[in-house]
Amino acid sequence: MLRGARRPAVAGLAAVLAGGILTLPSGAMADDPVQPTRVILTPTETPETSQAITFQGAELDDTSAKVEIKPAAGGATRAVKAYLQPKSISNDFPHFSTVVSGLKPGTDYTYRVSTDGAWSDWATFGTADPDEKDFSYVYYGDAQIGLDTTWPEVVRQAQAKAPDSIGSVHAGDLIDTASNDVQWQNWFKGMKSAATTTNVFAAPGNHEYSGDKLMTAWKAHFEYPANNPNDSTIGEMAKLAEGDSEVAQQYRAYFDHWSEFAAETVYFSDYQGVRFITVNATRDTTFLTPDALPACTAADCPSTKVAELWTQYQAAWLDHVLTESPSKWNVVTFHQPVYSGSEGRNEPVLRQYWVPVFEKHDIDLVQMGHDHVYSRGFKDTTATTTPGVTSGPVYIVSNSGAKHYDLETDEKNVWTNNGATQVQKGEDFTTYQVVEVSEDTLTYSSYIAEITPSAQWFKNGKKVDTAYQVGDLWDRFTVHKTDAGKKAVVEDGVTPPVLEQPDAAPVIAGQPKDVRAKAGDTVRLSVSATAAKPLSYQWQRRSGNGAWTDLTGKRGASLDLTKVTPAENSRRYRVVVTAGTRSTVSREVSLKVTQRASSVKIGSVTAKRGKAVKVKVRPSVDGTVKVRVKQGRTTLTKIVRVKAGRTVTVSLPRLSKKASGRATVTVSLDAAGSVYADSSARTSVKVRR
Numbered sequence: 001m002l003r004g005a006r007r008p009a010v011a012g013l014a015a016v017l018a019g020g021i022l023t024l025p026s027g028a029m030a031d032d033p034v035q036p037t038r039v040i041l042t043p044t045e046t047p048e049t050s051q052a053i054t055f056q057g058a059e060l061d062d063t064s065a066k067v068e069i070k071p072a073a074g075g076a077t078r079a080v081k082a083y084l085q086p087k088s089i090s091n092d093f094p095h096f097s098t099v100v101s102g103l104k105p106g107t108d109y110t111y112r113v114s115t116d117g118a119w120s121d122w123a124t125f126g127t128a129d130p131d132e133k134d135f136s137y138v139y140y141g142d143a144q145i146g147l148d149t150t151w152p153e154v155v156r157q158a159q160a161k162a163p164d165s166i167g168s169v170h171a172g173d174l175i176d177t178a179s180n181d182v183q184w185q186n187w188f189k190g191m192k193s194a195a196t197t198t199n200v201f202a203a204p205g206n207h208e209y210s211g212d213k214l215m216t217a218w219k220a221h222f223e224y225p226a227n228n229p230n231d232s233t234i235g236e237m238a239k240l241a242e243g244d245s246e247v248a249q250q251y252r253a254y255f256d257h258w259s260e261f262a263a264e265t266v267y268f269s270d271y272q273g274v275r276f277i278t279v280n281a282t283r284d285t286t287f288l289t290p291d292a293l294p295a296c297t298a299a300d301c302p303s304t305k306v307a308e309l310w311t312q313y314q315a316a317w318l319d320h321v322l323t324e325s326p327s328k329w330n331v332v333t334f335h336q337p338v339y340s341g342s343e344g345r346n347e348p349v350l351r352q353y354w355v356p357v358f359e360k361h362d363i364d365l366v367q368m369g370h371d372h373v374y375s376r377g378f379k380d381t382t383a384t385t386t387p388g389v390t391s392g393p394v395y396i397v398s399n400s401g402a403k404h405y406d407l408e409t410d411e412k413n414v415w416t417n418n419g420a421t422q423v424q425k426g427e428d429f430t431t432y433q434v435v436e437v438s439e440d441t442l443t444y445s446s447y448i449a450e451i452t453p454s455a456q457w458f459k460n461g462k463k464v465d466t467a468y469q470v471g472d473l474w475d476r477f478t479v480h481k482t483d484a485g486k487k488a489v490v491e492d493g494v495t496p497p498v499l500e501q502p503d504a505a506p507v508i509a510g511q512p513k514d515v516r517a518k519a520g521d522t523v524r525l526s527v528s529a530t531a532a533k534p535l536s537y538q539w540q541r542r543s544g545n546g547a548w549t550d551l552t553g554k555r556g557a558s559l560d561l562t563k564v565t566p567a568e569n570s571r572r573y574r575v576v577v578t579a580g581t582r583s584t585v586s587r588e589v590s591l592k593v594t595q596r597a598s599s600v601k602i603g604s605v606t607a608k609r610g611k612a613v614k615v616k617v618r619p620s621v622d623g624t625v626k627v628r629v630k631q632g633r634t635t636l637t638k639i640v641r642v643k644a645g646r647t648v649t650v651s652l653p654r655l656s657k658k659a660s661g662r663a664t665v666t667v668s669l670d671a672a673g674s675v676y677a678d679s680s681a682r683t684s685v686k687v688r689r
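Be aware that the sequence shown starts at 1, since it is given in this note's numbering, and climbs by one per residue.
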């Protein structure tokens, strides 16, 4: 029974034409500056480097649109063209959308949108950061009723509780009647800056089809990744459409239609270690049936089971995207629950096809709406022997609007009658949920946003008499998961189990050794270690008493140092060996590098009175030689560059005309680089006349 339903405010309805079409953009008064409205960010398949932006034109006749965007920290502004979307049944305003690509991960950007020269205000968003594992998002149930009263207050509370969330997921029925533009206007107004600064992951509900069977309003307002089901992602089911039989031809028509129609209603996006998956649980044959459906008279024609087939079609896709998921965490959002909580509701077809897929892949959260009650639990097969600890998917139904239904009776409880347990349930109150994600835990918290006088609360099947207040925590649990996928869902206040034994530290069996080498040699330092888990290595170096620093790219069991020099004599090396979460550091080792010997030979020397002195030298290595000739009190010097093995004649200044006796010739070789040591040679010659 529907109770406590609130109806949208009627103020401003004079501006609504027949069929609910506004003559002013949302929030605009006649004397307000006209701007583009309903600006919303939605995720792409690559949220680290791209962002989808959709908005409504400022004027009815706007035909061109663009986005201006620049790094928030400063930088060039670039303009990106936005494209006109198919017309919405809800109003006559044009809608535009674009995907801005070429962005940098983990970076804040400032942007604004324009239609025919009218600009929105600037807003800021951040791209996903693949290196950041800690973040939060908000999960909303149906907004639907109370869009101008309850809904904005729920969003306000959620934003205050999670001001740094990366965005929000919505489990359908954002509005009550899709053709009523006042409701869309109020939904966007309620979202405030949450829509313009963070991503909105929305799933369609049955009310998104109300008055709009082809979902024109939905597709005008939202842009989602085009990774919806097609023949390549539904596995063996695609074979049903192969061949020329009337049955196969009808399957072909349905699958082609659904692949197109599912766009922006069935999708996924991987965001910082979480795969956010959205499916479309509404099974209305109007939108599921293609315009030109081939005739089929056989008993097994797909037209005899369209609603069931649509569910099965998405189940095949779910199996594919969960199998291929690179993310540690996987959450799915849709509208009608697989385990209904409110009176008279039951979804056996969804339960038949989707729950086995969720359980097979041990999905983490199943986020639903539709029932206008609160309900959360698990499939009994995932219970453990520890009270308050389960090991499988968590199924949740929540309500974020002012429409409330009665809970189902115990006798007709869909959960207990289908092998599932309701941990918590309640009626006649409104909630929002904050999900905090980290590398190894996912913590879910449900907060009370609004309470009616008839609200009731149940935990573990028993009524709770707690006098809950708006803002109170109503439900909390934490999912613990290892990198290997071992998982425990732990109720608030329950000690989590040990999912894996602490890693044993690696044992180093062979330590690296000190090395003596000649300059120019290649030196290898090696370590051998054992551990139960795969080993990784990081070699480090320090100079003198300085800090240890990692050697980039040196991550093997051996470290090769090429063309070593005596500079290594002041350095030390070690390696950090890691297995799992434990590391062992090797002993530090040193190198003793000595230079190689060099030589320089003195050839013939010509020393005559009054003449230039000429000295022939032959070095063994490249470098420079200093030739010094001393005769009496006179010293002649010259420095020249030389090449290894080449004889060079060094010409020095003239000797005195009175020179006599002997002259001492000294040649000093300064070897190039640091591989060779310096050397010298000396000789004595008679000064001739």
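Glycine included, C-beta positions come from ideal geometry on N, C-alpha and C.
Quiz item: Does DSSP put Gly419 in a helix, a strand or coil?
Solution: coil
To the nearest whole angstrom, what separates the beta carbons of Lys133 and Glu408, a pair I think is in contact under 8 Å? About 39 Å separates the two Cβ atoms, so there is no contact after all.
8 Å Cβ shell around Glu359 - same chain, five flanking residues per side excluded = Lys379, Thr381, Thr382, Gly392 and Pro393
Could you tell me which residues DSSP puts in a beta bridge with Ile508? Ala529
Is the number of C-beta pairs between the stretch 438–453 and the stretch 184–200 that are closer than 8 Å three or more?
-> For the pair of segments examined, the stretch 438–453 was found not to touch the stretch 184–200: the number of CB pairs separated by less than 8 Å stays below three.
- Query: Distance, Cα to Cα, Ala519 vs Ala597?
  - Reply: 10 Å
Practice task
Under 6 Å Cβ to Cβ from Ala505, same chain only, skipping five residues before and after it: list those, please.
Solution key: Arg582 and Thr584
May I ask which residues mark the beginning and end of the beta strand (DSSP E) holding Gly190?
Not the beta strand (DSSP E): Gly190 falls in the alpha helix (DSSP H), residues Asp181 to Met191.
Whole-number beta carbon distance between Pro152 and Gly190, since they are thought to touch under 8 Å: 4 Å
* Given Gln511, which residues of its chain have a CB within under 7 Å of its CB, disregarding the five upstream and five downstream residues? -> Val527, Ser586 and Arg587
For a test of the three-state rule: what should DSSP assign to Gly235, helix, strand or coil?
In the structure shown, Gly235 sits in a helix (DSSP, three-state: H, G or I).
Kindly list the residues whose CB is nearer than 6 Å to the CB of Trp119, restricted to its own chain and excluding five residues on each side of it in sequence; keep chain order. Arg112
When DSSP labels each residue in this structure, what does Ala9 get in the three-state scheme? Unreliable positioning characterises Ala9 in this predicted model, as indicated by a pLDDT of 33, which lies under 50. The coordinate reading is nonetheless provided below. Ala9 falls in the coil class under three-state DSSP.
Cβ-Cβ separation, Lys608 to Leu655 (assumed contact under 8 Å), whole Å: Confirmed, Cβ separation roughly 7 Å.
(message) Quick check: what's the CA-CA separation for Asp678 versus Asp521?
(response) 18 Å
Notebook entry, point to check: Which of the three DSSP states, helix, strand or coil, is assigned to His372?
Noted result: It is coil, neither helix nor strand.
* Give me the Cα-Cα distance between Gly419 and Thr384, rounded to the nearest whole angstrom. => 15 Å
| 3-residue-minimum beta strand (DSSP E) runs that sit fully inside the stretch 246–312, ordered along the chain | 267–271 and 274–278
Closest by CA to Arg460, which one among Lys425, His404 and Ile175?
-> Residue identity differs from the one stated: residue 460 is Asn in this sequence, not Arg. Out of Lys425, His404 and Ile175, Lys425 has the C-alpha closest to the C-alpha of Asn460.
Check your understanding: Can you tell me where the beta strand (DSSP E) with Tyr109 in it begins and where it stops?
Key -> Asp108 to Thr115
Original post:
Can you check whether the CB of Ala449 is closer than 8 Å to the CB of Val470?
Top reply: yes
Using DSSP's beta-bridge definition, name the partner residues of Glu436. Ser136 and Thr443
Exercise for review: Give the C-beta separation of Val266 and Pro229 to the nearest angstrom, bearing in mind that I take them to be a contact with Cβ-Cβ under 8 Å.
Suggested key: Contact between Val266 and Pro229 holds: CB atoms are separated by about 6 Å, below the 8 Å threshold.
Helix, strand or coil at Asn404 according to DSSP, with G and I counted as helix: Reading off the sequence, residue 404 comes out as His, not Asn. Note: His404 maps to strand in three-state DSSP.
Segment limits, alpha helix (DSSP H) that includes Lys657: Taken as a continuous stretch (DSSP letters only), Lys657 belongs to no alpha helix (DSSP H), as it is neither H nor E.
inquiry  = The beta strand (DSSP E) that contains Gln51, what's its start and end?
reply    = Gln51 to Gln56
- Message: For Trp329 and Asp364, what's the separation of their Cα atoms in angstroms?
- Response: 7 Å
Exercise. How is Arg38 classed by DSSP in three states: helix, strand or coil?
Worked result: Correct three-state label for Arg38: strand.
For the candidate residues Val675, Gly74 and Lys630, whose alpha-carbon lies nearest to that of Gln595?
Val675
* Asked: Between Leu240 and Ala316, what straight-line distance do the alpha-carbon atoms span, to the nearest angstrom?
  -> 13 Å
query: Got a sec? Which residues, its chain only, sit under 8 Å from Ala76 by beta carbon, not counting five neighbours each side?
result: Lys70
Next on the checklist: Considering only the alpha carbon of each residue, which of Lys657, Asp300, Ser668 and Thr216 lies closest to Lys638?
Outcome noted: The option with the nearest alpha carbon to Lys638 is Ser668.
- What does a CB cutoff of less than 8 Å around Asp300 pick up in its chain, not counting 5 residues either side in sequence? Val247
| query | Starting from Phe201 and walking both ways along the beta strand (DSSP E), at which residues does that stretch end? | reply | Per DSSP, Phe201 belongs to the beta strand (DSSP E) from Asn199 to Ala202.
Euclidean distance between Cα positions of Gln422 and Ser50 | Rounded to the nearest angstrom, the two C-alpha atoms are 40 Å apart.
- request: Kindly indicate the opening and closing residues of the alpha helix (DSSP H) around Phe358.
  value: Pro348 to Lys360
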